[in-house]
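Here is the structure we will look at, set down as structure tokens.
Protein chains: 4
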Amino acid sequence: MDFQNKKAIYLQIADYVCEQILLKKWQVGNKIPSIRELAISLEVNPNTVMRTYAFLEDKKIIQTQRGIGYFVAEDAYPQALSLKKTEFLQQDLPQIFRSMDLLGISFEALNELYHTRKTYEKE
Amino acid sequence: MDFQNKKAIYLQIADYVCEQILLKKWQVGNKIPSIRELAISLEVNPNTVMRTYAFLEDKKIIQTQRGIGYFVAEDAYPQALSLKKTEFLQQDLPQIFRSMDLLGISFEALNELYHTRKTYEKE
Amino acid sequence: MDFQNKKAIYLQIADYVCEQILLKKWQVGNKIPSIRELAISLEVNPNTVMRTYAFLEDKKIIQTQRGIGYFVAEDAYPQALSLKKTEFLQQDLPQIFRSMDLLGISFEALNELYHTRKTYEKE
Amino acid sequence: MDFQNKKAIYLQIADYVCEQILLKKWQVGNKIPSIRELAISLEVNPNTVMRTYAFLEDKKIIQTQRGIGYFVAEDAYPQALSLKKTEFLQQDLPQIFRSMDLLGISFEALNELYHTRKTYEKE
DNA sequence: GTGGTCTAGACCACC
DNA sequence: GTGGTCTAGACCACA
């Protein structure tokens, strides 16, 4: 996992966690990596991971058990889905559509890009 | 003009200027609002507009004439187009496509959203 | 018995023990559940119960007999009573009264809550 | 302002801010002390105040303006009221009532304590 | 000047 | 071992 410049690292880590959950790699009730573990494996300060986990706990996506660790919360999947979906629909999409209008990119052109997209994917 | 929290204000203003140019509302050689004017009308600190203009000048989209004001540069249109297009293709799109996969949003669904998009543009 | 997030588990267990004593369910000299037993029945780490018992022994509410088990101490009742009473009067009450002032909750309203309280005890 | 041991400092500061708002000392739209200012005046690390402000912003009680500062949010009063009231009704009260039952303190006794409470107030 | 992020390291309570 | 809080200090982007 490599960090791009733009977004805060702790949010990129949150995205990563959500992704694991949405891909069902991490299932409800599973223990997730401890703060220190994840911090070491991502080569990041534990405080940064802590921030991620606090953020996700607030969103009811993960939950803590005293002295034991963090676990995938009951409603993690729907919560993560709704979180990311809202983000997508309200922040990303309108901006995209606006850019398309401005740049004169038709939806058909987008269609083509969609089906040949691998070209643009760095990560 | 309302500022969303996400992007830096000076970049949002830059977007606005580019928009005027791409929509051909501001044409090559036209004088654009002075820093002070624009700052007042947008209720923003003049420093912020100054930063916008410096950014756009660096991109060869506008140019300054000492003591007179800022003007739409010679190649403003292609420059603005290329700037926004690059941004769009390399930064925005890949991220969008990735989100679609993750959220299970098909291209057909996107199509529908595209044609009813006004709903999402309010906020 | 369910553990709320707020208070340390070992203290919640201590509360439980005090409760048994104050309700006279556990009487002076009675043997109380072994650390292991209680840990199993509460689905808790034995270390946690051990901490509870150490805490209560320090408060002279229970006492250990080597190799036999823990017993309700001689002065358990008054000790438990004084412990909880002090806690209540010096820590809980002032905070409550302060909150009432701040939230504009009159004593009459509290009265009503007191007599219909079962509603709030679920969560 | 002195910090008691029990609660996290950043939450005690949050309580303080809520109190100012509930007492209408800080009104909607007012700028509140900057992170650094408050940190210095409370003799606390700026990060701690930052944590408080992030917490309160999430609760929609305060809101940030880039590079300018934090302001009392639109719905600060009702939000703060609801936050503290929920806390009171769901966390504090049930515990109090339970203690009363256990300690054999009648509501009449509480009444008396309420009206002579100054005795118990340290802070 | 403002907020925001990150690191480094310490200490605590808890399991 | 776990999470949680706090400090100290650095650096950045922004107004």
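Residue numbers (this note's numbering), protein chains in the order written: chain R, 7 to 129; chain H, 7 to 129; chain Y, 7 to 129; chain E, 7 to 129. All C-beta atoms in this analysis are idealised placements derived from N, C-alpha and C, irrespective of residue type, glycine included. Values in this document were obtained by computation on a predicted structure and should not be read as measured data.
Counting only Cβ-Cβ distances below 9 Å, H/S112 has no contacts in chain R at all, with the closest Cβ about 10 Å away.
Rounded to the nearest angstrom, the Cβ distance from R/F61 to R/Y22 is 12 Å, too far for a contact under 8 Å. One thing to note: Y/F94 has its Cβ no nearer than 8 Å to the Cβ of E/Y120. Distance check between Y/G110 and each of E/A86, E/Q18, E/E43 and E/T54 places E/A86 closest, using alpha-carbon atoms only.
DSSP, read as helix, strand or coil, puts Y/K12 in coil. In the three-state reduction of the DSSP assignment, E/K30 falls in the coil class, being assigned neither a helical nor a strand state. Proximity of chain R to H/D98 at the Cβ level (cut-off 9 Å) is accounted for by D98, Q101, I102 and S105, in chain order. Here H/V78 carries a strand assignment [DSSP, helix/strand/coil]. With a cut-off of 8 Å on Cβ pairs, the stretch 23–31 of chain Y is not in contact with the stretch 111–118 of chain H, counting fewer than three such pairs.
At least 8 Å separates the CB of Y/N51 from every CB of chain E. When DSSP reads this structure, H/K37 sits in a beta bridge with H/F77. One thing to note: E/V55 has its Cβ within 8 Å of the Cβ of E/I19. With a cutoff of 8 Å on beta-carbon distance, H/S47 and R/D98 are scored as not near each other. DSSP places E/T58 within a helical segment (H, G or I) once states are collapsed to three. The beta carbon of H/W32 is closer than 7 Å to those of Q26, I38 and V78 in its chain, skipping five residues each way along the sequence. Per DSSP, reduced to three states, the secondary structure at H/T70 is strand.
By the neighbour-count criterion, in which a residue is buried when 16 or more other Cβ atoms sit within 10 angstroms of its Cβ, E/I74 is exposed.
Y/D8 and R/L108 have their C-alpha atoms some 58 Å from each other. Rounded to the nearest angstrom, the Cβ distance from Y/P100 to E/R42 is 32 Å, too far for a contact under 8 Å. The residue among H/T70, H/G35, H/Y76 and H/N53 with its C-alpha nearest the C-alpha of H/Y83 is H/G35. The residues V55, in chain order, have a CB closer than 7 Å to that of Y/L44 in the same chain once the five nearest residues on each side in sequence are set aside. According to the DSSP assignment, E/R123 belongs to no alpha helix (DSSP H), since it is labelled neither H nor E. For E/F9, no chain Y residue has a C-beta closer than 9 Å to its own C-beta; the minimum C-beta separation is roughly 15 Å. In terms of beta-carbon proximity, H/L62 stays away from the interface with chain R, with every pair separated by 8 Å or more. Annotated three-state conformation of H/E63 is helix, per DSSP.
Looking only at R/Y59, R/E49, R/N51 and R/R72, the smallest Cα-Cα distance to Y/K13 is reached by R/R72.
For Y/Y83, the nearest beta carbon of chain E is not closer than 8 Å to its own beta carbon. R/K37 does not reach chain H, its nearest Cβ partner there being about 23 Å away, counting only Cβ pairs nearer than 9 Å.
Taking all protein chains in view, the Cβ of R/K90 is crowded by 16 or more other Cβ atoms within 10 Å, so the residue is classified as buried. In the same chain as R/D81, and ignoring 5 residues on each side of it, the C-beta atoms closer than 7 Å to its own belong to K66, in chain order.
Shown here, R/E93 sits in a helix according to DSSP, grouped into three states.
In the three-state DSSP reduction, Y/S112 falls in the coil class, being neither helix nor strand.
Minimum Cα-Cα distance from E/Y59 among the listed residues E/Q69, E/V50 and E/N51 corresponds to E/Q69.
In the structure shown, the three-state DSSP call for H/N51 is coil.
R/D64 and H/P52 have their alpha carbons spaced roughly 38 Å apart. Closer than 8 Å to the CB of R/Y120 there is at least one CB belonging to chain H.
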